[in-house]
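Enquirer: Note that the sequence shown covers residues 240 to 334 in our numbering. All C-beta atoms, glycine included, are put in the ideal place defined by N, C-alpha and C. Here the structure is a predicted model, which means the values were calculated and not measured.
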Amino acid sequence: MDKKNEMDDVKDMEGTKTNVMKQSHDSKNTRVRTKLRLGEVERLIRKHRIVVPPPSRTTLIEMCEDGTFETAGNSATRIGWLVYEDSFWRWAADL
C-alpha cells in the first residue's frame with residue numbers, strides 16, 4: 240500500500256474526508272416535531288372549542304388522508320394516526 244492510500248485511510252478514520260463530522264453537526268440543528276394521537280386532537284378540539292360541534296373521528300381520519308393535517312407516514316401507524324402538533328395548531332389558526 241502506498242503512502243497516499245494510507246493517508247486517505249487515516250483521513251477517513253478522522254472524519255475529515257467523509258461527511259461524518261458534518262452529519263453530527265447537522266443533527267444538533269434538527270428539530271424533533273411533536274406528534275399527537277388522533278384522540279388527543281379530538282380532545283383539544285373539544286377543550287378549546289375550535290370547531291363546534293367537533294368533527295367526528297371519521298372526518299378527522301379523512302383530514303389525515305387528504306393532507307389537511309401533516310401526519311407521520313401516509314397511513315395509520317399501529318397505534319393509530321399521528322398528527323404533527325404544529326400542523327394541527329396551524330390548521331386551527333387558519334379557521
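Less than 7 Å separating the beta-carbons of P294 and R285?
Expert: In this structure, R285 does not lie closer than 7 Å to P294 by Cβ.
Enquirer: Quick one: measure Cβ to Cβ for A311 and L299, integer angstroms, because I've assumed they're closer than 8 Å.
Expert: Their Cβ separation, rounded to whole angstroms, is 15 Å, which puts A311 and L299 out of contact at 8 Å.
Enquirer: Are E324 and L275 touching if we call contact CB-CB under 7 Å?
Expert: Yes; because the gap between Cβ atoms is below 7 Å, this pair is in contact.
Enquirer: If you draw a straight line from the alpha carbon of H287 to that of W328, how long is it in whole angstroms?
Expert: Cα-Cα distance, rounded: 11 Å.
Enquirer: Can you find the residues in the same chain that come closer than 8 Å, C-beta to C-beta, to R296, ignoring five residues on each side of it along the sequence?
Expert: Result list for R296: L277, E281, in chain order.
Enquirer: Span of the beta strand (DSSP E) holding V322?
Expert: It spans 321-323 - the beta strand (DSSP E) in which V322 sits, taken as one unbroken run.
Enquirer: Spatial neighbours of G319 within its chain, please: C-beta separation below 8 Å, excluding the five flanking residues on both sides.
Expert: Around G319: R276, L277, G278.
Enquirer: With W330 and T316 assumed to form a contact (beta carbons below 8 Å), what rounded beta-carbon distance in angstroms separates them?
Expert: Their Cβ separation, rounded to whole angstroms, is 20 Å, which puts W330 and T316 out of contact at 8 Å.
Enquirer: Grouping DSSP H, G and I as helix and E and B as strand, with all else coil, what is T297?
Expert: Correct three-state label for T297: helix.
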